[in-house]
Every structure is written in structure tokens, then in C-alpha cells.
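Peer 1: Numbering (my numbering), first residue to last: 42 to 152.
From the three backbone atoms N, C-alpha and C, an ideal C-beta is built for every residue, glycine too.
These figures come from a predicted structure and were not determined experimentally.
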Amino acid sequence: MSTPKCEMCGRDIPNAKNRQKFCPDCVKKRQAAQSHKSYLKHREHYLERSLAQAERRKQEALEERMLEELLLAKRPEPKYSITQVAEKAKDLGISYGWCSYLLSVGKVCME
């Protein structure tokens with residue numbers, strides 16, 4: 042049985058498989074050429090994708106910074122203490138949560 046010859050360079054193919062047409066060196070060259078050809082064909086898509094990814098990362102960093110600033114921001118002091126609201130709720134005969142809601146919307150006064 043004769044060893045097959047490489048279609049590109051004409052050398053014998055060592056340990057050739059059933060339908061092998063190229064030697065290992067030529068296979069690498071063909072793969073590199075095909076990869077480059079594919080890159081050139083889709084170059085604009087790759088550029089758009091990388092720009093979109095950069096924009097997305099920039100937006101995520103901005104959102105993360107805004108969230109961090111929001112979490113670190115000082116909260117305003119409450120108008121009424123918990124005991125004041127609890128006493129007012131007890132006087133009105135309603136729950137603490139409902140009383141604090143009514144105070145926040147201005148339907149009940151602390152006087």
C-alpha cells in the first residue's frame with residue numbers, strides 16, 4: 042500500500058488516515074489562511090461587537106458607581122421617632138405601619 046501525497050506540497054503524508062489530503066504542516070497553513078479569510082469577511086461584525094461590548098461595560102460601570110453613591114448617600118433624619126409614631130398609632134387604634142403611612146401622606150398630624 043502506498044502512502045498518499047500532500048496535495049499542496051507533494052510530500053508523503055505520515056500515518057495518513059482514510060481521506061487525508063494534506064500533510065500536518067500544510068493543514069496548519071490552510072487553517073490559518075481560512076481563519077484569516079473568515080476574519081476579513083466578518084471584520085465589521087467583530088468591530089461592532091467589540092464596540093458594543095465596550096459600551097455595555099462602560100454603562101455597567103456607570104450604573105455600579107451610581108448605585109454605590111446611592112447606597113453611601115446619607116439618609117435624611119426621620120421626622121418622628123418610633124416611639125412617637127407607636128404612641129400616635131395606639132391613640133388612634135391603628136397599626137404602627139398604617140400610622141406611619143398616614144403620616145407620610147399627610148392624612149394624620151402628630152399634634
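#1: Roughly how many whole angstroms lie between the Cα atoms of Gln100 and Arg116?
#2: Between Phe63, Trp139, Lys129, which lies nearest to Lys46 when the distance is taken from Cα to Cα?
#3: Ignoring anything shorter than 4 residues, give me the alpha helix (DSSP H) runs that lie fully in the stretch 42-117, in order along the chain.
#4: Could you pull out every residue in the same chain whose Cβ sits closer than 7 Å to the Cβ of Tyr137, ignoring the five residues on either side in sequence?
#5: Alpha carbon to alpha carbon, how far is Val68 from Met107? Give it in angstroms, no decimals.
Peer 2: So, from the listed chains and residues:
#1: Counted from its first residue, the sequence shown places residue 100 at position 59. Counted from its first residue, the sequence shown places residue 116 at position 75. The straight-line gap from Cα to Cα measures roughly 26 Å.
#2: Against the sequence shown, residue 46 aligns to sequence position 5. Phe63 is the residue among Phe63, Trp139, Lys129 whose C-alpha sits nearest the C-alpha of Lys46.
#3: Counting only runs of 4 or more, we get 65-82, 84-113.
#4: Here residue 137 refers to the residue found at position 96 when the sequence shown is read from its first residue. Result list for Tyr137: Val126, Ala127, Ala130, in chain order.
#5: Here residue 107 refers to the residue found at position 66 when the sequence shown is read from its first residue. Here residue 68 refers to the residue found at position 27 when the sequence shown is read from its first residue. If you take the alpha carbons of Met107 and Val68, they lie about 52 Å apart.
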